[in-house]
Every structure is written in C-alpha cells, then in structure tokens.
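Protein chains in written order, with the UniProt record's numbering: chain W, 1 to 205; chain U, 1 to 205.
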C-alpha cells in the first residue's frame, strides 16, 4: 500500500476520527503536526500543496491529498466491515456523517474549540454572538443522538460503522465544551461500546 | 422499485439536487411540499414520522426515511455512472460533498435564504451578526471552486459525478444571495456543462 500521512492537529476530533478508523482497521499512519492556532495551515506552501482550503485534517495517500475528515475515513475503510454493504444502510451511514458535519460538529466541536483551545476572551464579536445558539444546537444534536440510540447498539443497522466512529470523535469530549454527557444515558452506553472495540485508541494517543 | 417520495421545499437547493440527480438517472419522484417558513417541518407528526431533525429534504424509500440531501443523492445514484468506481475518486467525490455541506451551503445557501426567502428585516440579531462573515466565506468557497475548475471539466476525475450535481444546486443560484457569478469564469463554464447534460431539469421545474 502507498504511504499514508495524516496532516493534522492532534486535539481536533476531525483528525482523531481518522486515527481511530485507521487503528480499528490495523493501518499505520505517519503524522505531521500543524498548529492551527499559529496559522500553520494557512501558509502559502500548505495552501499550494496540502489543501487550498487551509484546513486539516488531510490524508495524504502517496502523492495525492484527500481533505475532509469523513471522506478520509471512507477511503481508509473501503471494502471493510465499517461500511455497510446494504444499499439503504450505506446511504444511512452517510446520512449520519453528513449530519455530523452539518448539525453536530459546527456546534459541539466549535464550542469546545472556542472555550478550551482559543479561550472565550480571545473570541471576536461575531463568534461571541453565536455561542448561545451553538450551545442550544449542540444540545439538540446530542438529544437527537440519545433518542436515536435508545434501544439500539449502533447508529446504523446492527453493526458498528463509520457513522459511529465519526460521531464518537467530538461526542466523547463534549464535556470539554460545557455539554453534560451525563444528561444522555443512551449516548454514554454507546460511548462505552466504542471504547471496548478491538484496536481502540484514545484521542490522546 | 419501491415508491420514492421526496419530502421537500421546492426553492431549497438541497431539495433540488435530489430532483436533479433523479432526473439525470431517469427516476421518478413523488413530491410532498412543506412550507419551512410556516414551520411545517417542525410539527409533531413530521418529527415523529419523517425526520426527528425537523428538516427537509427527506427521501422516502417505501416505508423508510432518508434525511440529508447528499445521502439521498448517493442512494439514488447507487451503481450508476454518477459515482466513480475508482477508490480515490470515490472518496474525492465525497470530499467535495462534505465540503459542500460544511463550507459552501452554510454560507452561499444561507445568505440566499436569509436575503430572498426570509428577508433581512425579519432576521434576528444573531443572524444579522453573521451575514458579513458568511458573505466572506461564501466568496472564498466560490473562489476555491473556480480555482479548482480552471483547466478541469468536472470537480472529480474525468466525468460528471455527484460532486458536480450537489455543488451545482446552490452555486447556480448564488446571484440570488448577492454573490456575483460573473466573477468566476471557470464556474460559469462548468454550470453550462451541467445545464447541457441529458435529462437536466431546472430548479423551477
């Protein structure tokens, strides 16, 4: 297989979900660190070579670059048990992954990023004006997951899939953004099932 | 095939991209209209049956419901030429579809929705505080597409794919949000290529 390099910022859940997918599949990734707080993903060299969008993570596959965390997870998990074969379940897995990027990450992850990594004192006015809305939307996203997981073991069908792995990344550290995971018992049971998967690695690894 | 019903709001680009995908594939969709401005996707019946997330579009496949526009397009286009077989191109198609939902739609589409369908006078303070940032981010998204399309016919590989169809939906009506498509010549040429596809239907159909 071609060399796999993860261009990343380790604390980012979007980067962690790629490391977790690789670990569950027994794949090895080389890792290149960029400090997003110092603008290291906005340099001319990064924009010209790694990602014109100025964001991490990017999965480098040989000489080709694949941005967008959930797309990288799909590339890694191609033909593995982490992607359902059934036509509906496959689309339903993607449904939760698109929902993760649209309704969960911009709220649960952004509030965590602003509060723990940037710091509220350093936010600009437009960011500060969005916090209350993002906290409310983040709680709604967690409540939706908790309702969905009541009586289910996994987000889609009967087996763990990339829907679980990609949603796990920011859900399990939601407390760091001020959300209370203890309010969501079905999520807590599901988090424990993921932690117990063979090959699991924590975000700090 | 099971009956396909699109639960939708016709002016939404997210709904249109599903109609366009179906039209290019020669598939027929029944259509159910909801007025999002009147809260018709937040009723107890809608939340309990169609989508607990209170959003359209939702593709109903027989008795099952599939929210998230891009996931619905993938279900429709399963095993068709609109989804690349090559492992990298397949993931790269999804990369642009995740980018569309994260970096394009929340800016290009939201500014259009606020300005033309809601009206600036009806926006709340938190929305108003975000307009300048969303206009800037929308322009950046269109510039990134324009750069990417210079010297290319399609977003991914050598053929039209769902990356093109899903990005077309809100790009071709970006002018309605105050963006100037005349500033992006490579996008304009690409829009014309999509309009020329056999089976193409406009957003007003």
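Yeah, the Cβ is synthetic: ideal placement off N, Cα and C, and Gly gets one too.
Quick caveat: nothing in here was measured; it's all calculated off a predicted structure.
Item                                                                                                                                              : Value
Beta carbon proximity, residue 67 of chain W to chain U, threshold 8 Å                                                                            : yes
Residue-level contact to chain W via CB, residue 75 of chain U, 8 Å cutoff                                                                        : yes
Terminal residues of the alpha helix (DSSP H) in which residue 92 of chain W lies                                                                 : 87-99
Min CB distance residue 19 of chain W to chain U below 8 Å                                                                                        : no
The segment 76-96 of chain U / the segment 34-47 of chain U touching (three or more Cβ pairs under 8 Å)                                           : no
Local Cβ density within 10 Å of residue 177 of chain U, reported as buried at 16 or more and exposed below that                                   : buried
Which listed residue (W:5, W:7 and W:13) has its alpha carbon closest to that of residue 201 of chain W                                           : W:13
Helix, strand or coil at residue 58 of chain U [DSSP, three-state]                                                                                : strand
Rounded separation between residue 193 of chain W and residue 142 of chain W - CA only                                                            : 17 Å
Length of the line joining the Cα atoms of residue 181 of chain U and residue 44 of chain U                                                       : 40 Å
For residue 171 of chain U and residue 164 of chain U, the rounded distance between their alpha carbons                                           : 10 Å
Residue 179 of chain W and residue 108 of chain W closer than 8 Å at C-beta                                                                       : yes
Short-range partners of chain U found in the segment 87-103 of chain W, where Cβ spacing is below 9 Å                                             : 87, 88, 90, 91, 92, 93, 94, 95, 96, 97, 98, 99, 101, 102 and 103
Residues of its chain near residue 67 of chain W, where Cβ-Cβ distance is below 7 Å and the 5 sequence neighbours each way are ignored            : 51, 53, 55 and 58
Beta-carbon spacing of residue 130 of chain W, residue 130 of chain U below 8 Å                                                                   : yes
Beta carbon of residue 9 of chain U nearer than 8 Å to that of residue 35 of chain U                                                              : yes
Chain-ordered chain W contacts of residue 130 of chain U [CB-CB under 9 Å]                                                                        : 126, 129 and 130
Chain-ordered neighbours of residue 109 of chain U on chain W, where CB pairs are closer than 9 Å                                                 : None at all; the shortest Cβ gap to chain W is about 11 Å.
Partners in chain U for residue 61 of chain W, counting only beta-carbon separations shorter than 8 Å                                             : 88
Cβ-based neighbour list, residue 198 of chain U, same chain, cut-off 6 Å, excluding 5 preceding and 5 following                                   : none
In DSSP terms, what residue 65 of chain W is bridged to                                                                                           : W:60
Exposure label - residue 159 of chain U; buried when at least 16 CB within 10 Å                                                                   : exposed
For residue 77 of chain W and residue 21 of chain W, believed in contact at Cβ under 8 Å, the rounded distance                                    : 6 Å
Those runs of the beta strand (DSSP E) which lie wholly inside the UniProt domain "GST N-terminal" (2-84) of chain W and span at least 3 residues : 4-8, 30-33, 58-61 and 64-67
Residue 3 of chain U classed as buried or exposed, judged by whether at least 16 other C-beta atoms fall within 10 angstroms                      : exposed
Distance between residue 156 of chain W and residue 126 of chain U (C-alpha atoms, nearest Å)                                                     : 35 Å
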